[in-house]
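To keep things clear, I will list the structure first and then write my remarks on it.
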Amino acid sequence: MQAGRRVARVLVNSNVSPLFLRHISTSSSGSLGGNVFGVKAMYRMNTIPESSIYKPMQQRVFYSSEERQDDSSVSEAVKEMYDKMQESIVEKRTAPPNAWLWSMISSCANVDDIKLLFDILQKFRVFRLSNLRIHENFNSALCQEITKACINVGAIDYAKKGLWKHNVYGLNPTIGSAHQLLLHAQKLKDAKLASDVMKLVKKNDLPLQPGTSDIVFSIWYDAENWNLISKYGKRFIKAGVKLRQNAFDIWMRFAAKRGDVDSLWKIEKFRSEMMKQHTLASGFSCAKGFLLERKPENAAAVIQLVNQGLSDTKRPAVMLELQQLISEWPLELLKHQKEGNKKALVPALQEDTAAMIEHLSRMGIKVNVKMEDFTKNEGVFS
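Start counting the sequence shown at 1; every next residue gets the next number (this note's numbering).
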């Protein structure tokens, strides 16, 4: 019986076809030992050398049936570490040194390397459960390094597996791993990947962090996806995440660019509850909101408040923002307006912007901007 079990273990860890295994289970008395001898006799009757039966099994035992790799596509260093870990886990039944796994991760140079890595991770996890009684996943540092390796070679689907709460690889899902994928999406300007990652974050109950909003808001702002930035902004607030000023700046700038005054004031309410002072971006977003409400004096007051909070070396930035408000913002604003609103909006905005500049001058702020810039692109306003 013990010998039969040993033979069975070899068969299970090899690539013997399911049909072959079923034949073993039904071709003799019921014991694994008897079945194996029956198979030997069967192959002798068919004049097939016994060595040819087991030699391929020995050559292929290092690979699972699902993750078999072409040696030409797998890096030599990865293959070497895989074989050593496989031998340790399957044959010697001992835990391999941690350094081997770290070495294998750092050596991954292509997608096939990653496939082999995940194959050994699954086997290592089973070994840890059955032999060492370790039920915990691998530590977070190791898991984030695995995510990084996947991203580096373009194995994004494997990187996403690191976010699964229930996985067969022993990976510990963390928001840190999610951030690595989000930063990759930001680098590629891939809004779809960012959305996929955020869905996995929600599905696997990963805790949202301020840094998460910084990354995704930037991605969706560049993609001009107001629906997503608005949807997740509300989710961050509801989850009690203390957004950083950068996230509020992006969110408020987007609302002002769209001319969405209602959303702008709601965001400003959230911002004012978390931080006292305005930045240039949040202050000028509020000024734009007041202009849209035809309150140029209030717009000037906000700009003055921002100006007072800046050092002398940073105050020139106020003029740059003011110039952008005059020359660029109206063009952005009109892109998001219905045709029927444009004709009424343009003259009102021009009149109130001029009034705001006059109020700033009265407050002692030297304004060196030209109102001609407001209408320099006449074709857009027509």
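Think of the CB as a built atom: it goes at the ideal place given N, C-alpha and C, for glycine as much as any other residue.
Because the structure is a prediction, the values reported are computed rather than measured.
Identify the continuous alpha helix (DSSP H) that holds residue i and give its terminal residues.
i	result
Q144	140 to 152
R128	111 to 130
C108	Per DSSP, C108 belongs to no alpha helix (DSSP H) and is neither H nor E.
L263	The question names Leu, yet the displayed sequence has Ser at residue 263. Looking at the DSSP string, the run of the alpha helix (DSSP H) that includes S263 is 261 to 274.
E76	76 to 86
I156	156 to 161
G283	280 to 292
Taking 8 Å as the cut-off, decide whether the C-beta atoms of residue i and residue j are in contact.
i	j	result
D196	R244	no
W220	R258	no
A155	V201	no
T353	L292	no
M85	W102	no
M371	A300	no
D222	K266	no
A95	L132	yes
I151	T212	no
V369	Q323	yes
A256	G289	yes
L349	Q337	no
F118	Y158	yes
Alpha carbon to alpha carbon, how far is residue j from residue i? Give it in angstroms, no decimals.
i	j	result
Q304	A194	38 Å
R93	C108	25 Å
E297	H359	6 Å
H269	S285	Rather than His, the amino acid found at residue 269 in this sequence is Lys. Straight-line Cα distance between these residues: approximately 13 Å.
S230	N98	44 Å
A41	I146	Its pLDDT being 39, under 50, A41 is placed unreliably by the model, and nothing is read from it.
N307	M356	15 Å
P330	G240	34 Å
V302	I114	54 Å
L333	S106	48 Å
V74	L206	33 Å
V295	K160	Correcting the residue type first, residue 295 is Lys in the shown sequence and not Val. Rounded to whole angstroms, K295 to K160 spans 49 Å at the Cα level.
M198	K242	18 Å
A191	Q180	15 Å
K366	V318	11 Å
A178	L264	29 Å
E76	P173	29 Å
K471	A247	Nothing about residue 471 can be read from this structure; the chain reaches only from 1 to 382.
L116	W164	19 Å
K203	M104	30 Å
K79	C143	20 Å
L162	V153	Just to set this straight, residue 162 is Gly in the shown sequence, not Leu. One C-alpha to the other measures close to 15 Å.
V90	H135	19 Å
P347	E224	26 Å
E273	S88	57 Å
Hey, would you say the C-beta of residue i is under 7 Å away from at least one heavy atom of the ligand ZN?
i	result
V261	Annotation note on the ligand ZN: not contained in the displayed structure, which lists no ligands.
Could you tell me which whole beta strand (DSSP E) segments of length 3 or greater appear in the stretch 171 to 244? none
With three or more C-beta pairs closer than 8 Å as the rule, is the stretch 125 to 135 touching the stretch 165 to 172? yes
Any contact of the stretch 250 to 257 with the stretch 234 to 242, i.e. 3+ C-beta pairs under 8 Å? no
Length at least 4, wholly inside the stretch 305 to 354: the alpha helix (DSSP H) runs in chain order: 316 to 327, 329 to 335
Under 8 Å: do the stretch 306 to 314 and the stretch 278 to 294 share three or more Cβ pairs, one atom per stretch? yes
Count the C-beta pairs between the stretch 182 to 192 and the stretch 134 to 149 that are closer than 8 Å, then say yes if the count reaches three, no if not. no
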